[in-house]
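Worksheet: one structure, shown below.
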Amino acid sequence: MNTKMYPLQFEPILKERIWGGEKLKTVLNKPIVSAITGESWELSTVEGDVSVVANGELKGKSLTELIDKSPNDILGKNVYARFGNQFPLLFKYLDAREDLSIQVHPNDKLAKERHNSFGKTEMWYVMQADADARIIVGFKEDSSKEEYLENLNNKTLVSILDDVKAKAGDVFFLETGTVHAIGAGLVVAEIQQTSDITYRLYDFDRKDAQGNTRELHVDLALDAINYNKVDTHKKYETVSNQSNVIVDCPYFTTNIIPLDGKIEGNKNGETFTVYMCIEGAFEIRYENVSYQYKKGDTVLIPAGMRNYVLEGEASILEVYIS
Numbered sequence: 001m002n003t004k005m006y007p008l009q010f011e012p013i014l015k016e017r018i019w020g021g022e023k024l025k026t027v028l029n030k031p032i033v034s035a036i037t038g039e040s041w042e043l044s045t046v047e048g049d050v051s052v053v054a055n056g057e058l059k060g061k062s063l064t065e066l067i068d069k070s071p072n073d074i075l076g077k078n079v080y081a082r083f084g085n086q087f088p089l090l091f092k093y094l095d096a097r098e099d100l101s102i103q104v105h106p107n108d109k110l111a112k113e114r115h116n117s118f119g120k121t122e123m124w125y126v127m128q129a130d131a132d133a134r135i136i137v138g139f140k141e142d143s144s145k146e147e148y149l150e151n152l153n154n155k156t157l158v159s160i161l162d163d164v165k166a167k168a169g170d171v172f173f174l175e176t177g178t179v180h181a182i183g184a185g186l187v188v189a190e191i192q193q194t195s196d197i198t199y200r201l202y203d204f205d206r207k208d209a210q211g212n213t214r215e216l217h218v219d220l221a222l223d224a225i226n227y228n229k230v231d232t233h234k235k236y237e238t239v240s241n242q243s244n245v246i247v248d249c250p251y252f253t254t255n256i257i258p259l260d261g262k263i264e265g266n267k268n269g270e271t272f273t274v275y276m277c278i279e280g281a282f283e284i285r286y287e288n289v290s291y292q293y294k295k296g297d298t299v300l301i302p303a304g305m306r307n308y309v310l311e312g313e314a315s316i317l318e319v320y321i322s
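Letter by letter, the sequence shown follows residues 1 to 322 in full-length UniProt numbering.
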C-alpha cells in the first residue's frame with residue numbers, strides 16, 4: 001500500500017440488544033435509530049462485523065483489507081509477528097438499560113478447541129453510572145462446580161456472586177473464566193480480545209418481544225468458569241499529560257491520559273495504538289493536519305504513524321499491545 005498513513009476512524013457497528021437503551025446517542029452521540037441499542041462496535045474484525053473506514057483517503061475500505069495490504073504499517077511489526085493478519089482486539093461502547101445476562105468467556109485453549117477463536121479477556125471503563133448501578137464480578141467467596149450448579153438450578157445464583165457498586169471512572173479487568181454481568185444504568189467502554197464467544201449462564205428468565213427466552217450455555221460453561229474469588233477492580237493514577245497504566249496484560253495494555261494541554265506521541269512501529277475519548281475533546285496533529293475528536297470517538301493510530309501531537313482537554317484511553 002502506497003497510501004500515506006493517518007489517524008483512522010471507523011463507522012460504528014450498532015447492535016440492538018434486549019437490554020439496550022438510548023444512551024449511546026444521548027451520552028456518546030452515536031447515530032442510533034433504535035430504543036434498544038446496546039452496543040457500538042468501534043473497531044472490529046469479527047466475521048460479519050468488520051469495521052469500515054469513515055474518514056480520509058481510505059474511506060470505505062475495511063480494516064481487514066488495510067491489514068491484508070499493509071500489515072506492518074497497520075498492525076506493527078511485533079503485532080504482525082504474533083498474530084499474523086488478525087486484528088487481535090475488539091473495541092466497544094455499551095449501554096445497559098437493563099442487566100445483561102450472567103455470563104462467562106472461555107480461555108484461549110477452550111475457545112480454540114471448541115470455536116477456532118481467541119478467548120475473551122476484557123476490561124470495562126465505566127463512563128456513566130446511574131445512582132444505584134452495579135456489576136456482578138466473580139464469586140463472593142471461593143466456590144465449586146457443585147455449589148454453583150445447586151444455586152443455578154434453584155435460581156439463587158446471584159446470592160453467591162460478588163455484587164459491586166459501580167461509578168464513573170471505575171475500571172474492572174476480567175480474565176477469562178470470570179463470571180460477570182454489567183448491571184442496569186451503566187455506559188462502559190470495553191476493550192477485549194477479538195472474540196464473540198459468550199457462554200450465557202442465567203438471563204433472569206426474561207423473554208424477548210416474541211415471548212422467547214434466550215439460549216443458555218450451562219454445559220459449555222462448566223469447564224470455563226473460575227470458581228475462585230477474584231479481584232477485578234483496578235486502581236490507577238491520574239497524573240495529567242502522561243500515560244497512566246490501568247491494565248497491563250499479555251493481550252493489551254490500557255493507559256489513561258488526563259489531557260490538559262498537549263503531549264507528543266512517539267511510536268516505534270511495533271504496535272498500533274487506539275485512543276478512546278471518554279470525556280472532553282482533543283485533536284491529533286500529524287504532518288500539519290489537525291484531526292478532531294470528542295467524547296465517544298475512537299481512533300486507530302496505524303503503526304506506520306510515528307510522530308504526532310495530542311492537544312486539548314480530555315480523558316483518553318490509550319490501548320496498544322506490548
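Here a beta-carbon is modelled for each residue, glycine too, at the ideal position from N, C-alpha and C.
Identified DSSP bridge partners for residue i
| i | result |
| --- | --- |
| residue 258 | 315 |
| residue 129 | 186 |
| residue 248 | 253 |
| residue 282 | 293, 312 |
| residue 307 | 266 |
| residue 233 | 172 |
| residue 321 | Its beta-bridge partners do not exist; DSSP assigns none. |
| residue 202 | 102 |
| residue 122 | 174, 192 |
| residue 300 | 8, 274 |
| residue 136 | 163, 181 |
Span separating the alpha-carbon of residue i from that of residue j
| i | j | result |
| --- | --- | --- |
| residue 114 | residue 104 | 15 Å |
| residue 281 | residue 25 | 17 Å |
| residue 67 | residue 152 | 44 Å |
| residue 101 | residue 118 | 21 Å |
| residue 70 | residue 322 | 20 Å |
| residue 208 | residue 200 | 15 Å |
| residue 33 | residue 27 | 14 Å |
| residue 286 | residue 267 | 13 Å |
| residue 131 | residue 234 | 21 Å |
| residue 293 | residue 225 | 39 Å |
| residue 257 | residue 276 | 10 Å |
| residue 191 | residue 320 | 11 Å |
| residue 204 | residue 89 | 30 Å |
| residue 111 | residue 197 | 8 Å |
| residue 181 | residue 288 | 45 Å |
| residue 244 | residue 273 | 15 Å |
| residue 95 | residue 38 | 5 Å |
| residue 147 | residue 238 | 40 Å |
| residue 195 | residue 18 | 20 Å |
| residue 55 | residue 246 | 30 Å |
| residue 13 | residue 107 | 25 Å |
| residue 10 | residue 304 | 18 Å |
| residue 1 | residue 297 | For residue 1, the predicted model reports a pLDDT of 48, less than 50, meaning its position is unreliable and no value from the coordinates is stated. |
| residue 217 | residue 202 | 9 Å |
| residue 83 | residue 121 | 16 Å |
| residue 229 | residue 177 | 11 Å |
| residue 62 | residue 179 | 33 Å |
| residue 157 | residue 222 | 14 Å |
| residue 87 | residue 46 | 9 Å |
Residue i, buried or exposed, once every other Cβ within 10 Å from all chains shown has been counted against 16
| i | result |
| --- | --- |
| residue 159 | exposed |
| residue 140 | exposed |
| residue 302 | buried |
| residue 48 | exposed |
| residue 31 | exposed |
| residue 300 | buried |
| residue 42 | buried |
| residue 241 | exposed |
| residue 97 | buried |
| residue 155 | exposed |
| residue 57 | exposed |
| residue 116 | exposed |
| residue 149 | exposed |
| residue 255 | buried |
| residue 318 | buried |
| residue 250 | exposed |
| residue 6 | buried |
| residue 142 | exposed |
CB-CB length for residue i against residue j, believed under 8 Å
| i | j | result |
| --- | --- | --- |
| residue 188 | residue 125 | 6 Å |
| residue 232 | residue 137 | 4 Å |
| residue 99 | residue 184 | 5 Å |
| residue 278 | residue 315 | 5 Å |
| residue 172 | residue 123 | 7 Å |
| residue 193 | residue 23 | With a Cβ gap of about 25 Å, residue 193 and residue 23 do not count as contacting. |
| residue 134 | residue 163 | 6 Å |
| residue 265 | residue 308 | 5 Å |
| residue 77 | residue 270 | 5 Å |
| residue 220 | residue 259 | 43 Å between Cβ atoms; not a contact. |
Residue i CB to nearest heavy atom of the ligand ZN below 7 Å
| i | result |
| --- | --- |
| residue 191 | Within the structure as shown, the ligand ZN is missing, as the structure has no ligands at all. |
Which complete beta strand (DSSP E) runs does the stretch 63-103 hold, if anything under 3 residues is left out? DSSP runs (the beta strand (DSSP E)) wholly in the stretch 63-103: 89-96.
Could you name each continuous beta strand (DSSP E) segment of 3 residues or more that falls completely within the stretch 140-200, going from the start of the chain to the end? 161-165, 171-174, 180-182, 186-193, all fully within the stretch 140-200.
Alpha helix (DSSP H) runs wholly inside the stretch 4-52, at least 4 long, in chain order: Secondary structure remark: continuous alpha helix (DSSP H) runs of at least 4 residues inside the stretch 4-52, in chain order: 23-26.
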